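One structure below.
Number of protein chains: 2
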Amino acid sequence: MIYFDNAATSFPKPDIVYDSIMEAMKKYGANPGRSGHRMALEVGRRIFETREIAAELFNIEDPMNLIFTFNCTESLNMGIKGILEEGDHVITTSMEHNSVLRPIKVLEKLGIEVTIVNGDPMGRIDPAHIENSIKRNTKLIVTTHISNLTGTIIPIKSIGEIAREKGIYYLVDGAQSAGVYDIDIQNLGIDMLAFPGHKGLLGPQGTGGLYIGEDVDLKEIGQGGTGSTSHLLEQPDIRPDRYESGTLNGPGIIGLGAGIKYILKKGMDNIRKHEEELTEHFIEGLAKLDKVSLYGPLDTKYQAAVVSINVGDLDSSELSYILDQKYGIEVRPGLHCAPLAHKTIGTFERGTVRFSFGPFNTHEEVELSIVAIREISKEV
Amino acid sequence: MIYFDNAATSFPKPDIVYDSIMEAMKKYGANPGRSGHRMALEVGRRIFETREIAAELFNIEDPMNLIFTFNCTESLNMGIKGILEEGDHVITTSMEHNSVLRPIKVLEKLGIEVTIVNGDPMGRIDPAHIENSIKRNTKLIVTTHISNLTGTIIPIKSIGEIAREKGIYYLVDGAQSAGVYDIDIQNLGIDMLAFPGHKGLLGPQGTGGLYIGEDVDLKEIGQGGTGSTSHLLEQPDIRPDRYESGTLNGPGIIGLGAGIKYILKKGMDNIRKHEEELTEHFIEGLAKLDKVSLYGPLDTKYQAAVVSINVGDLDSSELSYILDQKYGIEVRPGLHCAPLAHKTIGTFERGTVRFSFGPFNTHEEVELSIVAIREISKEV
Chain A
571 MIYFDNAATS FPKPDIVYDS IMEAMKKYGA NPGRSGHRMA LEVGRRIFET
621 REIAAELFNI EDPMNLIFTF NCTESLNMGI KGILEEGDHV ITTSMEHNSV
671 LRPIKVLEKL GIEVTIVNGD PMGRIDPAHI ENSIKRNTKL IVTTHISNLT
721 GTIIPIKSIG EIAREKGIYY LVDGAQSAGV YDIDIQNLGI DMLAFPGHKG
771 LLGPQGTGGL YIGEDVDLKE IGQGGTGSTS HLLEQPDIRP DRYESGTLNG
821 PGIIGLGAGI KYILKKGMDN IRKHEEELTE HFIEGLAKLD KVSLYGPLDT
871 KYQAAVVSIN VGDLDSSELS YILDQKYGIE VRPGLHCAPL AHKTIGTFER
921 GTVRFSFGPF NTHEEVELSI VAIREISKEV
Chain B
571 MIYFDNAATS FPKPDIVYDS IMEAMKKYGA NPGRSGHRMA LEVGRRIFET
621 REIAAELFNI EDPMNLIFTF NCTESLNMGI KGILEEGDHV ITTSMEHNSV
671 LRPIKVLEKL GIEVTIVNGD PMGRIDPAHI ENSIKRNTKL IVTTHISNLT
721 GTIIPIKSIG EIAREKGIYY LVDGAQSAGV YDIDIQNLGI DMLAFPGHKG
771 LLGPQGTGGL YIGEDVDLKE IGQGGTGSTS HLLEQPDIRP DRYESGTLNG
821 PGIIGLGAGI KYILKKGMDN IRKHEEELTE HFIEGLAKLD KVSLYGPLDT
871 KYQAAVVSIN VGDLDSSELS YILDQKYGIE VRPGLHCAPL AHKTIGTFER
921 GTVRFSFGPF NTHEEVELSI VAIREISKEV
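Order-wise, the sequence lines are chains A and B. Under this note's numbering, think of the first position of the first sequence as 571, with each following residue one higher. Under this note's numbering, think of the first position of the second sequence as 571, with each following residue one higher.
Take a look at the structure:
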């Protein structure tokens, strides 16, 4: 079995991730921050370790500004809805995932003005188009770092500079980049960063995070028990408690910490280099095939390890079904929850088949899939 | 080490829970419902199995009306905020956890009328007080099933009958009861049931659920990718997709399914009977001690395996610290995120130390803690 669906969930995880989760569940599977006994303190301490190491990864000064969530979608909902109010204007792009577009569409009905900047046919976003869309009431810019459809790298540094200059909040969706591409929130001028735990960071599902800049006064979406100021019926306004109601996913967060440690030890640059080489190998192999359509910049300077393709007139579901059943290659067909991105690159009607590589994929696997696609392309 | 903090998170879990989670992560750790390949289908199928078995446990006809969440707090936020609008009236009780009270307090500021019915000094709620609080604009009644402070069992059947008769929605917080006490949503007249995965259901942290009655038109709190109707920028209105945005906690949900299977195999009645016997043993042992204050009905017909105590004038934190350090007994001190419940029973100033028993606790452990408390009580 060849797993090329890392953009959905990375698989496998480093052994240390599995082991840390089991150790957490079996040795200190208590409720963090809810009691003062040894097991509760131990799990609380280890969650804080993950907070610290994640903060280090993103160059966040105060780990308390990094909060843990259920998934990146929750982080994005929090970041978008906690800041925008009636009469505000938000700018986003056509390359976004539905986790950005759907919350924004809900806000549009509540009186928030929305501008969606279009990408070019390779999925690229021109920062000038964002700058030109700024109005007097623009409060927030939201963009992805890397398109989950085409792998296109969005120039978040340039966009961050524009946002900073104009005093507009900038929320980055790191769903496809966290753990693989450098995200230095200070250097990049990012006010909020949403990220999943179960993709590039190599943690388990059920984990995610949101960095919230010190000066971002974000309303919380949910309230509940925080283990702090328990005598009050009002949500505490200290961080991270304000944004972390109810029991956290202790073992999951500890597993996420192990994933980040693995990345730092291995070197994020080395992981990215490996993924870039796999991507180049794959693109070069397919570029020679007549009936194969490739999307995106097709250059790893501008494209991450996410490659969308089509073969002949084959429906994307059919192609992925053949790859799975005949070749044991696991990829993802369809619209990838990014309808406007498909409109942008012209594949809205048929979708694409997406190959996405991870740190444990090999050149042999890439070669086998090139051979498989060659065979399939001859038959269509 | 004696773990008596099961009301916070149950510990340990049955071996099958640990094993199922690891198997899910290692053998089919893909993204459910996002792709069509074998691993994705397998994890999707197993998540559906948990949906079915949880539906069976609560006598829910259509498993699609049971949605998975991050934790019980998220479920409660969804159930409360998705139904109440400006001008509506909601009734709740003083025995609630902050996961109910804090969201309601936020809504109160937005023009929702709130009535909080007080419990008696044993934490009991009289259904007549709820009935008498009903107004023409009452839309929702929210109560816990079992107090997390005193273990008091709330008469949800009587309250459900009142709600049904008056055409008012009834949301039950099953945080302390799911997996131990029978919750038949049809028989009990429950419109929504919020529950955690990591307490009585013996699943891992990072899991929870909300049952939403067929005729409850609940607005969703979050939007995002659902793997369905991906061509639309609007959240789909099919269930469970409408309420499950972003990647679910696949291995966690599969572990939760294993926990429920364990309970069904062991027999929920047997588990409850065991916990009742431990509770009786503990209460009887402590009732003989002069300086020990016990709270709640102190009768397992009306009280679950949650017992709050104080010893002499000892601060609750100090008592739990001694129990932990000197005797290795892990309990929880303080306010337990239930400030009004403490006001109700008269312990708001000092808090209580809470003992909460689970299926793996033994009479020997209970006896050892009675001996420990006797020793401590002689020294204060």
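C-beta: ideal position from N, C-alpha, C; glycine also. Model, not experiment: these values are computed from the prediction.
Check                                                                                                                     : Outcome
Chain B contact residues for Glu804 of chain A, given Cβ-Cβ distances below 8 Å                                           : Arg672 and Lys675
Nearest-angstrom beta carbon gap, Val950 of chain B and Gly835 of chain B [assumed within contact, 8 Å]                   : In the sequence as presented, Gly is not what sits at residue 835 of chain B; that position holds Lys. With 8 Å as the limit, Lys835 of chain B and Val950 of chain B do not qualify as a contact, their Cβ atoms being about 44 Å apart.
Sequence-distant residues of the same chain with beta carbon closer than 8 Å to Gly649 of chain B, five excluded per side : Val712, Leu741, Met762, Ala764, Leu780, Ile782 and Leu788
Contact the region 861-873 of chain B vs the region 712-731 of chain B: 3+ CB pairs below 8 Å                             : yes
Minimum Cβ-Cβ distance from Tyr588 of chain A to chain B less than 9 Å                                                    : yes
Local Cβ density within 10 Å of Asn757 of chain A, reported as buried at 16 or more and exposed below that                : exposed
Listed by chain order, chain A residues near Pro766 of chain B by CB distance under 9 Å                                   : Gly816 and Thr817
Beta strand (DSSP E) segment containing Phe638 of chain A, residue limits                                                 : Leu636 to Thr639
Euclidean distance between Cα positions of Ile716 of chain A and Ala625 of chain A                                        : 21 Å
Proximity test, Cβ basis, 9 Å: Ile591 of chain B and chain A                                                              : yes
Rounded straight-line distance, which links the Cα of Glu612 of chain A to that of Ile653 of chain A                      : 34 Å
Closer than 8 Å at the beta carbon, the chain B residues around Leu905 of chain A                                         : Ser800 and His801
Proximity test, Cβ basis, 9 Å: Lys831 of chain B and chain A                                                              : no
The region 629-645 of chain B: positions lying closer than 7 Å to chain A by Cβ                                           : Phe640, Asn641, Cys642, Thr643 and Glu644
Contacts that Tyr891 of chain B makes with chain A (C-beta to C-beta distance below 7 Å)                                  : Gly606
Chain A contact residues for His667 of chain B, given Cβ-Cβ distances below 7 Å                                           : Gly795
Sheet register partners of Asn880 of chain A (DSSP bridge)                                                                : A:Ser863
Amino acids of chain A, ordered along the chain, whose beta-carbon sits closer than 8 Å to that of Phe581 of chain B      : Gly599, Ala600 and Met609
Contacting residues, own chain, Cβ-Cβ under 7 Å from His851 of chain A (five flanking each side not counted)              : His933 and Val936
Interface residues of chain E facing Lys596 of chain B [CB-CB closer than 8 Å]                                            : In summary, chain E is missing from the structure at hand, where the protein chains are A and B.
Assigned secondary structure, Leu710 of chain B (DSSP; H/G/I helix, E/B strand, else coil)                                : strand
Nearest candidate by alpha-carbon position, reference Asn641 of chain B, set A:Leu802, A:Gly829, A:Tyr865 and A:Gly816    : A:Gly816
Burial state of Ile899 of chain B, where buried means 16 or more other Cβ atoms lie within 10 Å                           : buried
Residue nearest to Gly657 of chain B in terms of C-alpha spacing, selected from B:Gly603, B:Glu593, B:Lys705 and B:Asp743 : B:Lys705
Given Arg812 of chain B as reference, the closest of B:Pro697, B:Ser800 and B:Pro821 once Cα atoms are compared           : B:Ser800
Delimiting residues of the alpha helix (DSSP H) encompassing Met592 of chain B                                            : Asp585 to Lys597
With 16 other Cβ atoms within 10 Å as the buried cut-off, status of Asp785 of chain A                                     : exposed
6 Å Cβ shell around Met634 of chain A - same chain, five flanking residues per side excluded                              : Arg809 and Pro810
CA-to-CA distance, Leu771 of chain B to Ile623 of chain B, given in whole angstroms                                       : 12 Å
Short CB-CB distance (under 9 Å) between Pro929 of chain B and chain A                                                    : no
Beta-carbon separation (whole angstroms), Thr663 of chain A vs Val687 of chain A, contact threshold 8 Å                   : 5 Å
Element boundaries [alpha helix (DSSP H), containing Glu919 of chain B]                                                   : It is not in any alpha helix (DSSP H) - Glu919 of chain B carries neither H nor E in the DSSP assignment.
Span of the alpha helix (DSSP H) around Thr849 of chain B                                                                 : Met838 to Ala857
9 Å Cβ cutoff, Ile808 of chain A in contact with chain B                                                                  : no
Collapsed DSSP secondary structure at Thr817 of chain A in the structure displayed                                        : coil
Assigned secondary structure, Pro602 of chain B (DSSP; H/G/I helix, E/B strand, else coil)                                : coil
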